[in-house]
Structures are given as structure tokens and as C-alpha cells.
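Below is one structure, written out as C-alpha cells; comments come after it.
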Amino acid sequence: MKIARIASVAALGFTASLGVVGAAHAAAPAPQVVTAQAPSLASGTSSCALGDLCFWTAKSYSGTMGHVSGTNLDWRQLYASNCPGTGWNDCAQSAYNNGRSCTALLYAAIGGTGGYHTLARGDGTPDMYAGSYLKAVSANRWSC
């Protein structure tokens with residue numbers, strides 16, 4: 022159904038771009054062409070409550086969402102029904118900081134030690150496995 026609608030809208034846009042206007046269409050208003058856009062950070066994170074650090078089981082802020090508002094030094098203790106292993110430890114694949122004023126620190130090691138990645142307020146990472154981001158998160162702290 023969705024594909025048929027997209028094809029219909031695309032056909033209307035194609036017809037309009039060619040300038041094809043028949044006598045029967047002269048009085049009708051021009052069709053509105055809707056362009057598909059890539060998901061934005063805001064659309065994928067809208068369920069993240071103000072004050073929270075949110076994280077998802079899949080890339081691009083999708084899948085099951087978890088969230089914290091304080092320091093958590095052992096993500097094994099955070100319940101996660103869709104994560105293999107223990108809790109959220111090494112499970113988050115994307116994250117977004119919707120905190121009130123602080124930077125979120127995401128640590129690779131339980132206890133909040135070792136390598137970490139920072140997310141300023143309003144910042145996120147849609148793919149924690151890309152580039153220089155951590156490959157796993159096991160703890161978080163806040164830096165104000």
C-alpha cells in the first residue's frame with residue numbers, strides 16, 4: 022500500500038515536471054509532490070525524555086530504547102529484554118544525550134574506567150560501531 026502511494030506520488034511529480042497538462046487538468050490545482058527524506062536525529066530520538074541519556078539496540082536510534090538519568094557504573098544491572106548477555110552491557114548501538122545541561126560520558130569498561138566517548142547535550146551517535154566511537158558501552162557518567 023505504501024509502495025503504491027509512493028509510486029503514485031512519484032508519477033504525479035514526474036508528470037508535473039514534464040509539464041504534461043491536459044485540458045481535463047487545466048482547472049485542477051497542481052499536485053503536491055512529497056519528497057522522501059532520510060530520518061533526522063530528532064525524529065529518531067523524540068521518545069527520549071528531557072534529562073535522559075537514551076540508547077537503542079539498533080543503529081539510527083531504532084530498536085528497543087533504554088534510558089538513564091544518573092550515573093550508572095555497571096550496565097549489566099540495567100534491565101534489557103532484547104540484549105544478549107547481561108543487561109545493557111555492550112548492547113547499545115546508538116545513543117542520544119537529551120540531558121538538561123551536562124555532557125554524557127560513555128565508558129567501554131564496567132566501573133566507568135578506560136576509554137570513553139563524550140556526547141554533549143543534544144548530541145547523539147547513530148552508529149556506535151562506526152569510526153572512532155566505542156564498540157561497546159558498559160557504564161556512563163555525567164560531566165557538568
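Residue 22 is where the sequence shown starts when you use my numbering, and the numbers rise one by one after that.
Glycine is no exception: its CB is placed at the ideal position from the N, C-alpha and C atoms.
Less than 8 Å separating the beta-carbons of residue i and residue j?
| i | j | result |
| --- | --- | --- |
| tyrosine 82 | serine 115 | yes |
| histidine 88 | leucine 74 | yes |
| arginine 97 | cysteine 123 | no |
On a CA-only basis, which of the options is nearest residue i? Give me that one, please.
| i | options | result |
| --- | --- | --- |
| threonine 85 | Thr92, Ala151, Gly91, Phe76 | Phe76 |
| leucine 94 | Gly145, Tyr128, Met149 | Tyr128 |
| tyrosine 150 | Ala113, Asp144, Ala141 | Ala113 |
| alanine 130 | Ala157, Leu99, Ser67 | Ala157 |
Which partner residues does residue i have in the DSSP bridge list?
| i | result |
| --- | --- |
| tyrosine 137 | Tyr128 |
| arginine 162 | Leu126 |
| alanine 101 | Alanine 101 is not bridged to any residue. |
| methionine 86 | Trp77 |
| alanine 116 | Phe76, Thr146 |
Quick check on the burial criterion: 16 or more other C-beta atoms within 10 angstroms. Buried or exposed for residue i?
| i | result |
| --- | --- |
| tyrosine 117 | buried |
| alanine 192 | The requested residue 192 is not part of the displayed model; the chain covers only 22 to 165. |
| cysteine 165 | exposed |
| lysine 148 | Sequence inspection shows aspartate at residue 148; the lysine mentioned does not correspond to that position. Classification for aspartate 148: exposed. |
| leucine 39 | The predicted position of leucine 39 is uncertain, since its pLDDT is 36 and thus under 50; a value taken from the coordinates is nonetheless stated next. Per the 10 Å Cβ criterion, exposed. |
Please report the distance separating the alpha-carbon of residue i from that of residue j.
| i | j | result |
| --- | --- | --- |
| asparagine 119 | threonine 92 | 14 Å |
| serine 90 | cysteine 69 | 11 Å |
| asparagine 110 | threonine 78 | 11 Å |
| leucine 140 | proline 105 | 25 Å |
| tryptophan 163 | glycine 145 | 15 Å |
| glycine 152 | glycine 65 | 21 Å |
| lysine 80 | asparagine 103 | 14 Å |
| glycine 108 | glycine 133 | 16 Å |
| glycine 135 | tyrosine 100 | 23 Å |
| alanine 49 | leucine 126 | With a pLDDT of 47 at alanine 49, under the threshold of 50, the predicted position of this residue should be treated as unreliable, though the coordinate-derived value follows. C-alpha separation (whole angstroms): 56 Å. |
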